[in-house]
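Counting from 1, one number per residue, gives the positions in the sequence shown under the UniProt record's numbering.
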Amino acid sequence: MTLKTGDLLAILVVGIVGAYTFITKAQFFEVSPKPIVAQVQLVNNCPLRESAFRVQDLTTGKIAVFSGGNARIKTVTTHNLTLSLAKKYDDVVFSGTPVRAKEHIKLTADCQTSKKENATFQSLRKSLGRQ
């Protein structure tokens, strides 16, 4: 089966149009950085005061403290924000989940051990012969 010149030309045109469409759509979905002031609300499920927490821009390292359960931080929409502990708690490990910056965000501080985590440790203890 041989293709005629018209068929080859049609396939070529469809390929070019498809490639162009794919490239322009990909550029459409790219998020352009936009400077914002993020209003961050703290949901504190920990036995610590809100003054123990701060919000941090992971890209710039900027930090904002909470007052009345809220913090404001200048950032960019392509940056990630996370909860961290104040400097005076350097010996304590707290891992906040990074969240993409937007104008209004709720960040939750949860210091409770999850059931899944407890089950994992219990399984490890059993496999190591300790209960």
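Virtual Cβ for every residue (Gly too), placed ideally from N, Cα, C.
So residue i packs on residue j, CB below 8 Å; how close in whole Å?
{"i": "N80", "j": "R100", "result": "6 Å"}
{"i": "A38", "j": "K102", "result": "7 Å"}
{"i": "K87", "j": "K74", "result": "In fact, because the Cβ distance is near 20 Å, the residues do not count as touching under 8 Å."}
Could you check the C-alpha separation between residue i and residue j for me, to the nearest Å?
{"i": "D110", "j": "F94", "result": "9 Å"}
{"i": "T97", "j": "D7", "result": "54 Å"}
{"i": "H104", "j": "T77", "result": "11 Å"}
{"i": "Q56", "j": "V17", "result": "44 Å"}
If distances are taken between C-alpha atoms only, which option among the options comes closest to residue i?
{"i": "V92", "options": "G68, G6 and L48", "result": "L48"}
{"i": "S84", "options": "R72, T75, A64 and E103", "result": "A64"}
{"i": "R72", "options": "Y89, L42, K87 and A52", "result": "L42"}
{"i": "S67", "options": "V17, I16 and E50", "result": "E50"}
{"i": "R54", "options": "N45, T75 and V40", "result": "V40"}
Let's see if you can read the secondary structure: which residues bound the beta strand (DSSP E) around residue i?
{"i": "F53", "result": "F53 to D57"}
{"i": "V37", "result": "P35 to N44"}
{"i": "T108", "result": "H104 to A109"}
{"i": "T77", "result": "Per DSSP, T77 belongs to no beta strand (DSSP E) and is neither H nor E."}
{"i": "V93", "result": "V93 -> no beta strand (DSSP E), and no H or E assigned at all."}
Could you please give me the residues that DSSP links to residue i through a beta bridge?
{"i": "L83", "result": "V55"}
{"i": "S67", "result": "N70"}
{"i": "R49", "result": "According to DSSP, R49 bridges with nothing at all."}
{"i": "V17", "result": "DSSP output for V17 lists no bridge partner at all."}
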